[in-house]
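Reviewing the structure listed below.
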């Protein structure tokens, strides 16, 4: 394929990368006061890029390194929209904290370039480069509030452990390359199904370990609670959404396209990771006092459910993963927007106990948080239920009903901490002498109410278009 | 025969010095072992027929990166007693993990020896009469691998933005040199005549 055709296939990444550099120049010459303008332009750029991604031609470019199929397009549109919402949340936050800098939206845009590359990577090098591209931007974002001790700690921890996981990933990739003689997933698949030796399996396990690190699945989750607690809230809202989705799509593609012939080998690794994630997420969350740490444990458990969908190794499994992740991502934005909108005397509410008696003070927020909690807990007919319904259905159909049963038990255990939030808000009196909450910033309030409204009742309408969309995405694998 | 001997010597030296990088008590010694490992790896590249990569390894890693490491390490105030704390506590589990890894690597080595690795894969292209090593790399780097090349460029751009974002601080009250202003000075703007009362003395504040 000639270069023009390849550039058309990769048009959305190209738009974002060039746009980010233009914005960087704009920011560098206009100075710090340009932060708001750059944020607005970045949101426009991301929305434009998602339109480009949806309309650019499908195909394989750069000698198989870049695959643009319907799965990649679905993931890219979702990733770009998530990043745009994160920039909206982050812009208000950094102006309130008086640390407004134009680099934050630009770093989020560049991180989305990396995530898009992950979603459409067709060989081991583009897998690795995409992961490094987005993680490097995320490390900086975690430490963005550099005068805050906790944020610096979060950035450093994320960086060191992320470097370790990249080492695992590279070691696995080098073994896979050594034993198959190719970097491309389809060549690897041919060798893997013909003769899967111990060396190839060993490399595959390391590859899965490195990727599990990026989605914070247990037992590679140790960075998650500290980073969620320390990093700025809008940045954590990004961490919990777009990168997770990109990495899940990457795992689906690498395992299904690269190692489709040895499904039974990687399925047992995924089953183990899912089971440990269920346990760590459900039981670890029980003892948390900080809301963002609680959400970290909740995300560990939820990644377990998404991986369970992939374990099935079927089209229905990939579709279930996409459904689950899309619905989950919308819930997560609601949670973090509520965290951003709650503060007393200028200090954000971070302890779970501080939610007591919220119904009197902020009835609308209390309703939104209740809806979102019920949704993540998996109560029908809220959106979280439908995600789990598809995942458990796909896993049970593929014969993994024991693991699905374990997932059900884990969601019952995890129900405790969501129900505790609801009980605190509605049935506990506010402690004596506590001041009223501050006025909520408009953008956080809007995002919170919108995602709560989606969790119920809009999800019923949403499912009617999300279901066929994910089915098309999951079936149009690899092909144009 | 001599190539095989050279390979095994260089490989052994690389592995041993890499081991010493992580076990050496003194961080300065660690960096010196790292330089040793880079040199031996460069030797391995020469054996493969990739002279350009070998020189690159020496110039970039030994010349720049390792020396930079050395500077940083020498500026650190490392408390070695504290560094070794907890070593004995984690030793058993570390030995178990290392043992498992060792067993697996031996398995792989056996697998490779039995011809399990991609034996018929294309080896690295050596220099030929009509094109040199550098030319060969340049041709694939800017054609087949242009996507990765550009993506790596964006990674470096992010690293640069990140370093500036996290460390650059505009401190107030710093006097900076402005060449334009300096050159634009003339006698009128640079000098000021003040009449001072006889016998009253000078207050430095008045001269500002």
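Chains as they are written, first to last, in my numbering: chain A, 1 to 480; chain B, 1001 to 1208.
Cβ atoms here follow ideal geometry from the backbone N, Cα and C, with glycine treated the same way.
* To do: Rank A:92, A:398, A:421 and A:139 by C-alpha distance to the C-alpha of residue 263 of chain A and give the top, closest one.
  => The alpha carbon of residue 263 of chain A has as its nearest neighbour, out of A:92, A:398, A:421 and A:139, the alpha carbon of A:398.
* Under 9 Å between the Cβ atoms of residue 111 of chain A and residue 141 of chain A? -> Contact flag set, yes.
* Just tell me which of B:1162, B:1028, B:1135 and B:1014 has its CA closest to the CA of residue 134 of chain A. => Checking every option, the nearest Cα to that of residue 134 of chain A belongs to B:1162.
* Asked: Hey, out of A:6, A:20, A:365 and A:451, whose CA is closest to residue 43 of chain A's CA?
  -> Check the Cα spacing between residue 43 of chain A and each of A:6, A:20, A:365 and A:451: the tightest is with A:20.
* Mark residue 1170 of chain B as exposed unless 16 or more other C-beta atoms lie within 10 angstroms of its C-beta, in which case mark it buried. => Classification of residue 1170 of chain B: exposed, given that the 10 Å Cβ count is below 16.
* Taking Cβ positions, are residue 390 of chain A and residue 380 of chain A nearer each other than 9 Å? -> Contact: no.
* Asked: Of the residues A:219, A:260, A:128 and A:228, which one's Cα is nearest the Cα of residue 152 of chain A?
  -> Ranking the options by Cα distance to residue 152 of chain A, first place goes to A:228.
* From this set, A:409, A:32 and A:117, which residue's C-alpha is nearest residue 62 of chain A's C-alpha? -> Closest by alpha carbon: A:117.
* Given that residue 1144 of chain B touches chain A, what residues does it touch there, using C-beta distances under 7 Å? -> Under the 7 Å cutoff, chain A gives 63.
* Asked: Are the C-beta atoms of residue 198 of chain A and some chain B residue less than 9 Å apart?
  -> With 9 Å as the cut-off, residue 198 of chain A counts as an interface residue toward chain B.
* **Same chain, Cβ closer than 6 Å to residue 485 of chain A, five either side skipped, listed in chain order** => What the structure shows of chain A is the stretch from 1 to 480, and residue 485 of chain A is not part of that stretch, so it cannot be assessed.
* **Given residue 289 of chain A as reference, the closest of A:35, A:352 and A:432 once Cα atoms are compared** => When each option's Cα is compared against that of residue 289 of chain A, the closest is A:352.
* Give me the Cα-Cα distance between residue 341 of chain A and residue 104 of chain A, rounded to the nearest whole angstrom. => If you take the alpha carbons of residue 341 of chain A and residue 104 of chain A, they lie about 20 Å apart.
* Asked: Is there at least one Cβ from chain A nearer than 9 Å to residue 1147 of chain B's Cβ?
  -> True, the Cβ-Cβ gap to chain A drops below 9 Å.
* Look up residue 1027 of chain B in the DSSP assignment and say whether it is helix, strand or coil. => When secondary structure is reduced to three states using DSSP, residue 1027 of chain B falls in the helix class.
* Can you name the residues of chain B whose CB is closer than 7 Å to the CB of residue 96 of chain A? -> Neighbours of residue 96 of chain A on chain B: none; closest Cβ ~19 Å, over 7 Å.
* Sorted by chain position, which residues of the same chain lie with C-beta nearer than 7 Å to residue 338 of chain A's C-beta, five sequence neighbours on each side aside? -> Answer for residue 338 of chain A: 365, 368, 369 and 448, listed in chain order.
* Count the C-beta pairs between the stretch 315 to 323 of chain A and the stretch 437 to 451 of chain A that are closer than 8 Å, then say yes if the count reaches three, no if not. => A contact between stretches requires three or more CB pairs, one per stretch, nearer than 8 Å, and the stretch 315 to 323 of chain A fails this requirement with the stretch 437 to 451 of chain A.
* **Pick from A:401, A:396 and A:292 that is closest to residue 349 of chain A, judged by C-alpha positions** => Nearest C-alpha to residue 349 of chain A: A:292.
* Taking only runs of the beta strand (DSSP E) that begin and end inside the stretch 411 to 437 of chain A, which ones reach a length of at least 3 residues, in chain order? -> Counting whole runs of 3 or more residues, the stretch 411 to 437 of chain A contains no beta strand (DSSP E) stretch at all.
* Minimum length 4: unbroken alpha helix (DSSP H) runs contained in the stretch 1129 to 1176 of chain B -> Entirely contained in the stretch 1129 to 1176 of chain B, the alpha helix (DSSP H) runs reaching 4 residues are, in chain order, 1133 to 1141 and 1146 to 1167.
* Return helix, strand or coil for residue 107 of chain A, following the three-state DSSP convention. => Three-state DSSP puts residue 107 of chain A in a helix.
* Asked: How about residue 475 of chain A and residue 315 of chain A: do their beta carbons lie closer than 9 Å?
  -> It is a contact, given that the beta carbons lie within the stated cut-off.
* Separation of residue 145 of chain A from residue 97 of chain A, as counted between CA atoms -> If I take the Cα positions, the gap works out to 9 Å.
* **Cβ-based neighbour list, residue 343 of chain A, same chain, cut-off 7 Å, excluding 5 preceding and 5 following** => Once the five neighbours on either side are set aside, the close Cβ partners of residue 343 of chain A are 349, 437 and 438.
* Asked: In terms of DSSP beta bridges, what is residue 60 of chain A paired with?
  -> Looking at the DSSP assignment, residue 60 of chain A forms a beta bridge with A:67.
* Exposed or buried, residue 302 of chain A, counting other C-beta atoms within 10 Å across all chains shown (16 or more means buried)? -> Burial call: buried.
* Between the C-alpha atoms of residue 385 of chain A and residue 1061 of chain B, what's the straight-line distance to the nearest angstrom? -> In this structure, the straight-line span from the alpha carbon of residue 385 of chain A to that of residue 1061 of chain B is close to 53 Å.
* **Within-9 Å CB hit, residue 323 of chain A to chain B** => Answer no: the Cβ-Cβ gap between residue 323 of chain A and chain B never drops below 9 Å.
* List the DSSP bridge partners of residue 121 of chain A. => As a beta-bridge residue in DSSP terms, residue 121 of chain A pairs with A:66.
* To do: Name, in chain order, the residues that DSSP records as bridge partners for residue 347 of chain A.
  => A:344.
* Asked: Touch check for the stretch 211 to 221 of chain A and the stretch 76 to 92 of chain A: three-plus C-beta pairs under 8 Å?
  -> No, the stretch 211 to 221 of chain A does not touch the stretch 76 to 92 of chain A.
* Near residue 377 of chain A, which residues of its chain fall below 6 Å by C-beta distance, leaving aside the five closest residues on each side in sequence? -> Excluding its 5 nearest sequence neighbours in each direction, residue 377 of chain A has C-beta neighbours in its own chain below 6 Å: 415 and 418, listed in chain order.
* **Outcome for residue 184 of chain A when other beta-carbon atoms lying within 10 angstroms are tallied against a minimum of 16** => Answer is buried; the Cβ neighbour count reaches 16.
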